[in-house]
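What follows is a set of notes on a single structure, which appears directly below.
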């Protein structure tokens, strides 16, 4: 995995000196001009999601945008380009200033000065809007104020081009399904995932002005509670600023509240109109925002006709007193029904928008795992509360069950992109099963219950759960034989049952899964056609991996079949992260089988092809633990192949990559022991024993611990004795007996080692080549005595 060190690098005519922040699309560094160290600049470099073409296009679109913006209150573009190793960058003016709110507080500015600054910011925003560009992430951190009191608008990395072709880019380059934003300043349409425009900036500027006037957020009581803030932004009306700070008069109240209206069309039509209202307030002139309101017109009427208005007020009060009881009764009659309807609307809005539309949209975007984690945090507590009230509504229970499934998978399903939180995942999936329990007789209920049960088995590695879910889905696939979703789900769960099984039982599940998936190809083309073709690749690969334990020739034939299926996929399917991951996994397993068959050079070639696919996935999302794991495992297998090819230095380099990718744990420890062994064999003896001991301590699984104890260098009889003790409780199998025979050999018990190896060979199919068989065969050829 490539690690980019930016500080000290040159970008065009500039050198990066120090990191100073993060923007919407990249990291920002303080820079200096090479031939003029007095010119300081800001260099923005795309680091997150560099392997993702959509992200790269959006970043380059920002450069196109800034090149056309020439305004004293907007940061200026100086240079831009792409480095030799593919890093896009832009060079901008370095703005030495403070965030707008920090500046106002430090300078102790009064209301008029704060309003004047916001007016000037809006004039810069209007300049951008006139050039058909909406900023879409206005906040204090993106508005710096210099020492002379001038605001500068920064970071158009998440901007929305209203006319993309004007900037020489396609609309796809600037449209992301979940454009990054800051919830505290986000407009209702941003939270709903709707089309954005200039009104989004109007709303955000309204939040900024509210904060500057009152020192509080419009929804201050819930600003630290993401889900509550979301609901308030969508549904609640903010308190008028004057109620929080008496110095704010009614005219300023009206201006701010108009900017914060829920529907975009009810806000100011333009940033210029917003700025004009602030200018009118500063000049003491009447404002249109207040004059257009009913309350404002009535106040004016009352000031001109005091006596008639007073009589009218008395009449209204009398009528209200007589109608009060009727209204109260009507209100009570509607409450129960309204609450039920509101509950269902709430869950559809929250789970539909956040967990379904947003989650699906960002699932494969680079760097999206933390964003998905926020969706989980926003939704989980609310869903649990609703679940307690959902027993009487089957549609709601299904919706909630699906939400719990998605949350559980994201939290800790090892078969999917996840956050590594296994216990939380299990708890979430169990809650989902409780919600949908009893709905199994229906097609949707049965499908969802089986998926939840299967996901629980995947997280907990429970064979019983996985097999039970597979059998439930096998029955559904029989009943709904032309339903592609049922067939695909059944095939996927059968595959999982195979993953958690062993030997022939596992292979039987894989064959069932492949046959079930193949039935989708007989149906008219649909959204699952591509996925079913990818599953054929994966299942052929897993059958090969299963056969590799006992029959290398048959395994290699299966891997070659899987490779043909993989290369027959269309370009669009091959570009998907899930397909790239499947390709990397196939190359890893195929390469390992080739190495075990003595074809080391072929193995190196195949595994390196897999590494290219795995590195693309790992670079696309540095927060995806699964992608990092995939890459580390490929390098681990490549290390074995390079050693078998007689290149120990290359093998050591691969193991060092493994260690730089993995967090410290059992796989890290196993790689550390193997690196120590390679260095020992290369004559680099210093520190090897300590490295081996450190690695051994990290490995707890009996089989792998015995393996590393026997591989550790320098060989010590005490480690072989410990390996024998570690293997003692394990049932006999060819793998266990091969390790036990090797431990006996290292203890000097050669006769016993030969007998143990012969016992293991007898458990393998006769006449078939396998890696464990080769090891056992070699041990049966030991001389009669140790002969050390």
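Numbering (my numbering), first residue to last: -11 to 776. Beta carbons: idealized from backbone N, C-alpha and C, even for Gly.
Closest residue to residue i among the options (Cα-Cα distance)
i: residue 278; options: 228, 116, 430 and 233; result: 228
i: residue 710; options: 200, 720 and 728; result: 728
i: residue 579; options: 567, 546 and 471; result: 546
i: residue 126; options: 251, 189, 528 and 90; result: 189
i: residue 89; options: 71, 408, 67 and 196; result: 196
i: residue 381; options: 394, 216, 433 and 407; result: 433
i: residue 563; options: 605, 530 and 574; result: 605
i: residue 203; options: 181, 131 and 93; result: 93
i: residue 632; options: 664, 707, 397 and 590; result: 590
i: residue 82; options: 62, 475 and 273; result: 62
i: residue 684; options: 673, 57, 669 and 662; result: 662
i: residue 252; options: 537, 64, 483 and 180; result: 180
i: residue 496; options: 528, 513, 507 and 510; result: 528
i: residue 413; options: 449, 424 and 425; result: 449
i: residue 255; options: 208, 192, 670 and 651; result: 192
i: residue 573; options: 515, 560, 216 and 617; result: 617
i: residue 59; options: 112, 29 and 96; result: 112
i: residue 552; options: 623, 571, 399 and 417; result: 571
i: residue 691; options: 672, 716, 602 and 409; result: 716
i: residue 109; options: 137, 84 and 533; result: 137
i: residue 223; options: 212, 177 and 185; result: 177
i: residue 70; options: 97, 33 and 410; result: 33
Bridge-paired residues (DSSP) for residue i
i: residue 69; result: 77
i: residue 30; result: 18 and 80
i: residue 7; result: 17
i: residue 477; result: For residue 477, which the question treats as bridged, DSSP gives no partner whatsoever.
i: residue 647; result: Beta-bridge pairing links residue 647 to no other residue.
i: residue 2; result: -1 and 21
i: residue 62; result: 141
Anticipated Cβ contact below 8 Å, residue i with residue j, distance rounded
i: residue 621; j: residue 576; result: 6 Å
i: residue 458; j: residue 494; result: Not really, about 12 Å apart at Cβ, beyond 8 Å.
i: residue 464; j: residue 478; result: 6 Å
i: residue 441; j: residue 385; result: Going by Cβ atoms, the distance from residue 441 to residue 385 rounds to 16 Å, so no, they are not a contact pair.
i: residue 682; j: residue 660; result: 6 Å
i: residue 550; j: residue 543; result: Wrong, their Cβ atoms sit about 11 Å apart, outside the cutoff.
i: residue 809; j: residue 613; result: Residue 809 is absent from the model: the chain starts at -11 and stops at 776.
i: residue 439; j: residue 393; result: 6 Å
Host alpha helix (DSSP H) of residue i (start-end)
i: residue -6; result: Where residue -6 is concerned, there is no enclosing alpha helix (DSSP H), given that its DSSP letter is neither H nor E.
i: residue 713; result: 705 to 715
i: residue 103; result: 99 to 118
i: residue 423; result: 410 to 424
i: residue 397; result: 382 to 400
i: residue 722; result: 722 to 734
i: residue 490; result: Note, residue 490: premise wrong, no alpha helix (DSSP H); not H, not E.
i: residue 605; result: 588 to 608
i: residue 685; result: 676 to 686
i: residue 529; result: 517 to 535
i: residue 623; result: 613 to 632
i: residue 251; result: Element bounds for residue 251: n/a, residue is neither H nor E.
i: residue 573; result: 565 to 584
i: residue 507; result: Neither: residue 507 is in no alpha helix (DSSP H) and is coded neither H nor E.
i: residue 432; result: 431 to 448
i: residue 547; result: 540 to 555
i: residue 462; result: 451 to 467
CB contact check: residue i to chain B, cutoff 8 Å
i: residue 523; result: Absent here is chain B; the protein component of the structure consists of one chain.
Terminal residues of the beta strand (DSSP E) in which residue i lies
i: residue 86; result: 85 to 87
i: residue 195; result: First-last for residue 195: 186 to 202, but that is the alpha helix (DSSP H), not the beta strand (DSSP E).
i: residue 134; result: 131 to 134
i: residue 139; result: 139 to 141
Exercise. When the Cβ atoms of the region 514 to 532 are set against those of the region 547 to 558, are three or more pairs found closer than 8 Å?
Worked result: yes
Problem set entry | Cβ contact check for the region 568 to 585 and the region 617 to 635: 3 or more pairs under 8 Å | Cβ pair count under 8 Å is three or more, so yes.
Problem set entry | Stretch pair the region 63 to 76 + the region 109 to 129: three plus CB contacts closer than 8 Å | no
Exercise. Can we say the region 713 to 723 touches the region 749 to 762, given the rule of at least three CB pairs closer than 8 Å?
Worked result: yes
Exercise. Is the region 741 to 751 touching the region 699 to 710 in the sense that three or more CB pairs, one from each, lie closer than 8 Å?
Worked result: Because the criterion of three Cβ pairs below 8 Å is not met, the region 699 to 710 and the region 741 to 751 do not touch.
Exercise. Just checking, does the region 256 to 268 make contact with the region 217 to 235 on the three C-beta pairs under 8 Å criterion?
Worked result: no
Exercise. Is there contact here, the region 14 to 24 with the region -5 to 3, by at least three beta-carbon pairs under 8 Å?
Worked result: yes
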